[in-house]
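See structure below.
Protein chains in written order, with the UniProt record's numbering: chain A, 1 to 403; chain B, 1 to 286.
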């Protein structure tokens, strides 16, 4: 027993001691792009991303991966994981004082970026080193800022999407455009509307919050407790008016957007939502949604945001990761990604900066069949709010609506 | 035969291998919850613990889990007892035994999904009743999954543990020679009912009580099933802890650790409390 206690005490000391010993900090000032290319090529590299969409997977596995191998002899391994999973994993690595990271590159945005910066898990600044970076539309607030936070060179924009509501054109001729119309629609069709208990639902509630506040500019900038309290109170009043007429009387909300899509597909719901405006086309093509499905943006607007690529601080393949990112933002790969038949992800490039051939190509991309053109919904685009708004909404939604 | 001396180091090694990581994990959680370690913690604080202890929804989750566990084990016990008492011969071989043990092959996630597909409002039974005209709209099908009473969770848990429990009860039935005692009692003039109440059930329950407790702990600790079939309120304790740890606010992680430790304490209390109670009872009989 005595030995056991000693062993226990030692082990405890071992796990609770935290020394910061980042092995070899990479100082980019010492590197030219040629150095980065030379150091980065011919390596294996791991990227973590959400793998929930077959089309996105095909684009990455069958288009990007062979290209990287051919051009730079880089062997890209893609592993599944997103959002809080990435945060938990990098947090565990930092807490365990690991010398290297399991993941080199990751697909992130918004609150994940905020949390990764909070725990200082991202490498940076690095984005300005990339030759393709000058084509990125950093001036665009929907791209250059992530949830109202400055990117500061710690993540590279990769794609841009806008939230849409999806309905069935055969069943609904005139979808609701305003908060008042939504309320009366839901009252007329009880049990047929809801939103999910995850990012998509929160993004929808943020748009309502901005509408209540009287426009996107009111809540701009850093989190403001007073403004939040003032307008969120009104939001809960509105949502509680909706509640008795929601799916399952608003006592349950779908756990994620996939479940909501399922409920929409089998007719239990009249609406579903997506934070990617192109998703409706994908889902119709996959056969999940009927051909009469349409995406739209109501008058009160929906949030448009970008998604990004970050490099983990403990990665040993930072140069390789930078090389890969430079490829992912090339005009050729961005164009391919934007095709509705491939992924339908909006580009982050400023098209006017490209040569005339690519300008033409970008401007003549095949239109989507079930989603409105991007330039039409752009006018109703709302910027993301500071991450604390979402954290608070998630918490208060539970308190004020579910409990 | 190994002598005691030979066994002791093995025991110690096993003890260290099993207990040490567990204790370390708990200590880690404890230090984390008090703010001593952890990336975003700033030093010792009891704030997270008071947040959890004063949080009504935490206690609600714990009680809800306990209730779901009791009901699920209760239902499984009734079914398993009934099967073993009435069908103990058929359970040994043949189609019936295959059928009954079939659920053993299902992982929890699959069972959860299966129950969801069968019993949701747009599921199999709802559509079936709609087609034959018993309900006029699939919306009229009662809420069985994602419902306030955890009916879906109970269905799925019972589905999983009933075969295990019937296996155990069947084993006891055979090992304890219950049939012999039944015959003796009958030949001494006991009625069917007396045989059941005074012989069969007491023997089976007395021998199975620890297993029952373990099944209770198993249901309380299940995660996938309540995640899929439960709802956001009331929430099973396991789901509540993971939510706290993973959903959005990194400053809530110490609270998740505090909740996890309280949960472990609750189970230990359940386990050792029960053992003590059982011992006292045995003493009282003796």
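By construction, the Cβ of each residue, glycine as well, lies at the ideal position given by its N, Cα and C atoms.
Spatial neighbours of residue 149 of chain A in its chain, beta-carbon cut-off 8 Å, leaving aside the 5 residues before and after
The answer, listed in chain order, is 113, 114, 117, 386 and 387.
Backbone CA spacing between residue 165 of chain B and residue 271 of chain B [nearest angstrom]
Between residue 165 of chain B and residue 271 of chain B, the C-alpha separation is close to 18 Å.
Distance, Cα to Cα, residue 59 of chain A vs residue 48 of chain A?
15 Å
To the nearest angstrom, how far is the alpha carbon of residue 152 of chain A from that of residue 125 of chain A?
A straight line joining the alpha-carbon of residue 152 of chain A with that of residue 125 of chain A spans about 6 Å.
CB residue 273 of chain A to CB residue 130 of chain A, shorter than 8 Å?
no
Looking at residue 306 of chain A: is its Cβ nearer than 8 Å to the Cβ of residue 81 of chain A?
For residue 306 of chain A and residue 81 of chain A, no; Cβs fall outside 8 Å.
Go to residue 345 of chain A, then tell me how far its alpha helix (DSSP H) extends in each direction, as first and last residue.
Unbroken run through residue 345 of chain A: none, as it is neither H nor E.
Buried or exposed for residue 399 of chain A, going by 16 or more other Cβ atoms inside 10 Å?
exposed
Are residue 259 of chain A and residue 196 of chain A touching if we call contact CB-CB under 8 Å?
yes
Cβ contact check for the stretch 52-66 of chain A and the stretch 91-105 of chain A: 3 or more pairs under 8 Å
The stretch 52-66 of chain A is not in contact with the stretch 91-105 of chain A.
Give the residues of chain D in contact with residue 168 of chain A, contact being defined as C-beta atoms less than 8 Å apart.
Here chain D cannot be found, since the structure's protein chains are A and B.
Nearest neighbour of residue 288 of chain B, chosen from B:201, B:107 and B:202 [CA to CA]:
Residue 288 of chain B lies beyond the stretch modelled for chain B, which goes from 1 to 286, so this question has no answer here.
Between residue 133 of chain A and the rest of its own chain, which residues show a CB-CB distance below 6 Å, the 5 nearest in sequence each way excluded?
Excluding positions up to five away in sequence, the list reads 127.
Any beta carbon of chain A sitting closer than 8 Å to that of residue 16 of chain B?
Judged by the 8 Å Cβ criterion, residue 16 of chain B is in contact with chain A.
Quick one: residues in its chain with C-beta nearer than 6 Å to the C-beta of residue 225 of chain B, no 5 flanking neighbours on either side, listed in chain order?
108, 112, 153 and 156
Contact criterion: CB-CB distance below 8 Å. Does residue 155 of chain B meet it with respect to chain A?
no
Per DSSP, cross-strand counterpart(s) of residue 157 of chain A:
A:308
Residues of the stretch 38-70 of chain B whose Cβ lies closer than 8 Å to any Cβ of chain A, in chain order:
Answer in chain order: 38, 39, 40 and 57.
Thinking C-beta only, is residue 259 of chain B closer than 8 Å to residue 36 of chain B?
no
Chain-ordered chain B contacts of residue 84 of chain A [CB-CB under 8 Å]:
246, 247 and 248
Round the Cβ separation of residue 208 of chain B and residue 168 of chain B to the nearest angstrom and send it over; I've been treating them as touching at under 8 Å.
6 Å
Nearest-angstrom beta carbon gap, residue 41 of chain A and residue 73 of chain A [assumed within contact, 8 Å]:
6 Å
Which word fits residue 221 of chain A, buried or exposed, when buried means at least 16 other C-beta atoms lie within 10 angstroms of its C-beta?
exposed
Chain B within 8 Å of residue 412 of chain A, Cβ atoms only:
Because chain A spans 1 through 403 in this model, residue 412 of chain A falls outside it and cannot be assessed.
Cα-Cα separation between residue 200 of chain A and residue 167 of chain A, rounded to whole angstroms:
Taking the straight line from one Cα to the other gives about 16 Å.
Please list the terminal residues of the continuous alpha helix (DSSP H) segment that includes residue 113 of chain B.
108-119
Could you tell me the boundaries of the alpha helix (DSSP H) in which residue 218 of chain B lies?
201-220
Same chain, Cβ closer than 6 Å to residue 254 of chain A, neighbours up to 5 away in sequence not counted
196 and 260
Does residue 21 of chain A come within less than 8 Å of chain B when only Cβ atoms are used?
At residue 21 of chain A the pLDDT is 49, less than 50, meaning the model places this residue with poor confidence and gives no usable figure here.
Leaving aside the five residues before and after residue 239 of chain A along the sequence, list all residues of the same chain whose C-beta is less than 7 Å from its C-beta, in chain order.
Only 401 meet the Cβ criterion.
Would residue 324 of chain A pass as a contact of residue 105 of chain A if the rule is Cβ separation under 8 Å?
yes
Below 7 Å on C-beta distance, what does residue 88 of chain A contact in chain B?
Proximity of chain B to residue 88 of chain A at the Cβ level (cut-off 7 Å) is accounted for by 246, in chain order.
Roughly how many angstroms lie between the CA atoms of residue 301 of chain A and residue 239 of chain B, to the nearest whole one?
Take the alpha-carbon of residue 301 of chain A and the one of residue 239 of chain B: they are about 34 Å apart.
8 Å is my cut-off, CB to CB: does residue 121 of chain B come that close to chain A?
yes
Let's see if you can read the secondary structure: which residues bound the alpha helix (DSSP H) around residue 130 of chain B?
Segment 124-131, the alpha helix (DSSP H) holding residue 130 of chain B.
Residue 35 of chain A to residue 320 of chain A span [Cα, whole Å]
11 Å
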